[in-house]
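Down below is the structure, laid out as structure tokens.
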Amino acid sequence: MSGSLRKYRLRCCACGALYEDDGIRLDCTAEHEPALLRTVYARREFAPGAGTSIERYAEWLPRGRTIATSARTAIFASEGLAARIGLRRLWIAFSGWWPERGATLATATFKELEAVAVLARLAPGEHRTLVVASAGNTAAAFAAVATEVGAPVTIVIPMDAWEPLAALVHVGPTVRVVAVAGGTYDDAIALARQLAAREGSIAEGGVRNVARRDGMGTIVLGAVDAIGALPDVYVQAVGSAAGALAAHEAALRLIGDGRFGTRPPRLVLSQNAPFTPIHDAWQRCAPALDACSPHDARERQSRIAATVLGNPAPPYAAAGGIREALAATGGRTYAVTNDELARAMLMFAEAEGIDVEPAAGVAIASLVRAVREGAIRRDELVLLNVTGGGRTRRPRVEYAQQPALIVQRADIEAATVSAAG
Numbered sequence: 002m003s004g005s006l007r008k009y010r011l012r013c014c015a016c017g018a019l020y021e022d023d024g025i026r027l028d029c030t031a032e033h034e035p036a037l038l039r040t041v042y043a044r045r046e047f048a049p050g051a052g053t054s055i056e057r058y059a060e061w062l063p064r065g066r067t068i069a070t071s072a073r074t075a076i077f078a079s080e081g082l083a084a085r086i087g088l089r090r091l092w093i094a095f096s097g098w099w100p101e102r103g104a105t106l107a108t109a110t111f112k113e114l115e116a117v118a119v120l121a122r123l124a125p126g127e128h129r130t131l132v133v134a135s136a137g138n139t140a141a142a143f144a145a146v147a148t149e150v151g152a153p154v155t156i157v158i159p160m161d162a163w164e165p166l167a168a169l170v171h172v173g174p175t176v177r178v179v180a181v182a183g184g185t186y187d188d189a190i191a192l193a194r195q196l197a198a199r200e201g202s203i204a205e206g207g208v209r210n211v212a213r214r215d216g217m218g219t220i221v222l223g224a225v226d227a228i229g230a231l232p233d234v235y236v237q238a239v240g241s242a243a244g245a246l247a248a249h250e251a252a253l254r255l256i257g258d259g260r261f262g263t264r265p266p267r268l269v270l271s272q273n274a275p276f277t278p279i280h281d282a283w284q285r286c287a288p289a290l291d292a293c294s295p296h297d298a299r300e301r302q303s304r305i306a307a308t309v310l311g312n313p314a315p316p317y318a319a320a321g322g323i324r325e326a327l328a329a330t331g332g333r334t335y336a337v338t339n340d341e342l343a344r345a346m347l348m349f350a351e352a353e354g355i356d357v358e359p360a361a362g363v364a365i366a367s368l369v370r371a372v373r374e375g376a377i378r379r380d381e382l383v384l385l386n387v388t389g390g391g392r393t394r395r396p397r398v399e400y401a402q403q404p405a406l407i408v409q410r411a412d413i414e415a416a417t418v419s420a421a422g
């Protein structure tokens, strides 16, 4: 790791306040409505560097230090899926494990782009433990990258996310996984908040962390690098909506360059029914997410196949949030059933020759429906973000592992959790 590489500042999407970055800032200090921060880079021109990993786009990544990575999304023009659904210019961003195509995300998910960027954003002398909450994919990504670079990270997950993580990642000594027995993503977030408040720990921040969004924004940068222009339409399944915001923000930077288009891609976003808070609010033209009791949220989350999309509090109404991005692009949302996503996963495997994750199946199903309904024209330039795939090609970890700590959901409400320190 090298010295500080910061060539950017942070701007509040509500009041415009500018901040020098310390690697961990998540919020504006002014008193106003909830708002995201956004990176403002010194370099306005899109200037890819050498290499093929996300380091190729280092000028538009919020780096405080350099960490070695081979993480890369594969960008290619579709033939099989495009023919099946009748699109003439469909491009696929495959964020998973498919080395033959150039996708080298070892945990088979685009969350690896987040993990690399978040850890690289930290200051060179930062030794506090980063606390991350996850429903599954983010946990695997942070566990893998933090193990590889020796970064201290505590990851909080629902217990049912442990076995998939342990089968994919050999968790190293700098990583502690805390599992919530009988818990959901909501519970993981609540416990992570408690742990991050302890001395020697810091909150990773989720979608509020600019590095998460800019790391995933390299998907759009890579697409424009390959295509030479911004797509007309961007398609993705969303939980926190960090990936969709990342795509939108990256597009705005590319528009600022002046060479790749003048309009950001139209966002076509989907969620897994019956847990669809973003879709429900957008369809009702609501100014904020619908109120939902914890009991109802848990019940709906328990019935979705794409469990990683079960984020209970995406930044919908916040300044710079997903409602603004949908409005600015004339976007659409879809609710996709478990049966629909299963059919879409099978279609993709048959058409393109590789397995995809359920969340990607949600996006593919929404693309099929949008084309059928005429919401996407057959001659439009479309970028489909396949957020995870190729997991069946990864060897299982043949090593007995257990979480560092298992916490009962009923204990989370306590002010402290014994043995967690």
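So the sequence shown is numbered by the numbering used here: it starts at 2 and just counts up by one. In this text, a Cβ means the ideal position worked out from N, Cα and C, and glycines have one as well.
Local conformation of S3 per DSSP, three classes = Low confidence applies here, because S3 scores a pLDDT of 40, under 50, leaving its location unreliable; read the following figure in that light. Three-state result, S3: coil.
How far does the alpha helix (DSSP H) with A27 in it reach, from first residue to last?
-> According to the sequence provided, residue 27 is Leu. The question's Ala does not apply to it. From DSSP, L27 is part of no alpha helix (DSSP H); its letter is neither H nor E.
Any 3 or more C-beta pairs closer than 8 Å across the segment 372-388 and the segment 86-94 | Yes, they touch.
When burial is assigned at 16 or more other CB atoms within 10 Å of the CB, is R285 buried or exposed?
-> R285 comes out exposed.
Count the other CB atoms, across all protein chains shown, that sit within 10 Å of the CB of L196; report buried if there are 16 or more and exposed otherwise.
-> With a threshold of 16 other beta carbon atoms within 10 Å, L196 meets it and is buried.
Do you know offhand how far H296's Cα is from S303's?
-> Straight-line Cα distance between these residues: approximately 11 Å.
Figure out for me which residue from K8, P288, C16 and L37 has the closest Cα to the Cα of D23.
-> Minimum Cα distance to D23 is reached at K8.
Check the Cβ-Cβ distances between L38 and every residue of chain B, and say whether any is below 7 Å.
-> As a matter of chain content, chain B is missing from the structure shown, which is built from one protein chain.
Run through DSSP, which three-state label would R177 get?
-> The DSSP-derived three-state label of R177 is strand.
Which stretch, first to last residue, makes up the alpha helix (DSSP H) that contains A1?
-> The question about residue 1 has no answer, for the chain in this structure spans 2 to 422.
Taking the alpha-carbon positions, what's the E200 to I25 distance?
-> Here the C-alpha atom of E200 lies approximately 15 Å from the C-alpha atom of I25.
Along the chain, where does the beta strand (DSSP E) that runs through P153 open and close?
-> Run containing P153: none; DSSP gives neither H nor E here.
Let me know the secondary structure DSSP gives I76 once reduced to three states.
-> It is a strand residue.
What is the rounded straight-line gap between the Cα of T110 and the Cα of L310?
-> C-alpha of T110 to C-alpha of L310: approximately 13 Å in a straight line.
Is the segment 223-243 touching the segment 257-274, taking contact as three or more C-beta pairs under 8 Å?
-> Result yes; three or more Cβ-Cβ pairs closer than 8 Å.
Option nearest A319 by Cα separation, candidates L6, T155, L38 and L19 = Looking at the Cα atoms, L38 is the closest of the given residues.
Answer with buried or exposed for S135, where buried requires no fewer than 16 other C-beta atoms within 10 angstroms of its C-beta.
-> Only buried fits S135, as 16 or more other CB atoms lie within 10 angstroms of its CB.
In terms of alpha-carbon separation, which member of T277, A121 and V179 lies closest to A405?
-> Considering only T277, A121 and V179, the residue with the shortest C-alpha distance to A405 is V179.
Cα-Cα, which of A364, A350 and G354 is closest to L342?
-> For L342, the nearest C-alpha among the options comes from A364.
For D188, which of V172, M160, D215 and E205 has the nearest alpha-carbon?
-> D188 has its Cα closest to that of M160, out of V172, M160, D215 and E205.
Pair within 7 Å by beta-carbon distance, I156 and V133 | Yes, Cβ-Cβ distance for I156 and V133 is below 7 Å.
Beta carbon of T330 nearer than 7 Å to that of W283 | Going by C-beta atoms, T330 is not nearer than 7 Å to W283.
Sorted by chain position, which residues of the same chain lie with C-beta nearer than 7 Å to A84's C-beta, five sequence neighbours on each side aside?
-> Taking C-beta separations shorter than 7 Å and ignoring five residues to either side along the sequence, A84 has no partners in its chain.
State the Cα-Cα distance for the pair G321 and A36, rounded to the nearest angstrom.
-> Rounded to whole angstroms, G321 and A36 show a C-alpha spacing of 6 Å.
State the start and end residues of the unbroken alpha helix (DSSP H) segment that holds F95.
-> Per DSSP, F95 is not a residue of any alpha helix (DSSP H); the beta strand (DSSP E) it occupies stretches across R90 to F95.
Contact check, A72 vs T40 under 8 Å by CB: the rounded distance?
-> With 8 Å as the limit, A72 and T40 do not qualify as a contact, their Cβ atoms being about 19 Å apart.
Taking the beta strand (DSSP E) that Y186 falls in, what are its first and last residues?
-> No beta strand (DSSP E) contains Y186, which is instead part of the alpha helix (DSSP H) from Y186 to A197.
From the DSSP output, in three-state form, read off S419 for me.
-> Unreliable placement is indicated for S419, whose pLDDT of 43 sits below 50; no coordinate value is reported for it.
Should E351 go down as buried or exposed, given a rule of 16 or more other Cβ atoms within 10 Å for buried?
-> Under this definition E351 is an exposed residue.
According to DSSP, which residues form a beta bridge with W99?
-> Residue pairing for W99: DSSP places it in a beta bridge opposite A104.
Beta-carbon separation of G389 and E353 under 7 Å?
-> No, the pair does not count as a contact, with Cβ atoms beyond the cut-off.
Element boundaries [alpha helix (DSSP H), containing L82] = In the DSSP assignment, L82 falls within the unbroken alpha helix (DSSP H) covering G81 to I86.
Note down the Cα distance separating E374 from N210, rounded to an integer number of angstroms.
-> Pairing E374 with N210, the inter-Cα distance amounts to about 36 Å.
Are L169 and T108 close, meaning C-beta to C-beta below 7 Å?
-> It is a contact, given that the beta carbons lie within the stated cut-off.
Just tell me which of L347, A167, L290 and E205 has its CA closest to the CA of Y400.
-> When only C-alpha atoms are compared, the closest one is A167.
Between the Cα of A75 and those of T219, A376 and G184, spot the shortest distance and give me the residue it belongs to.
-> Taking each of T219, A376 and G184 in turn and checking the Cα distance to A75, the smallest one comes out for T219.
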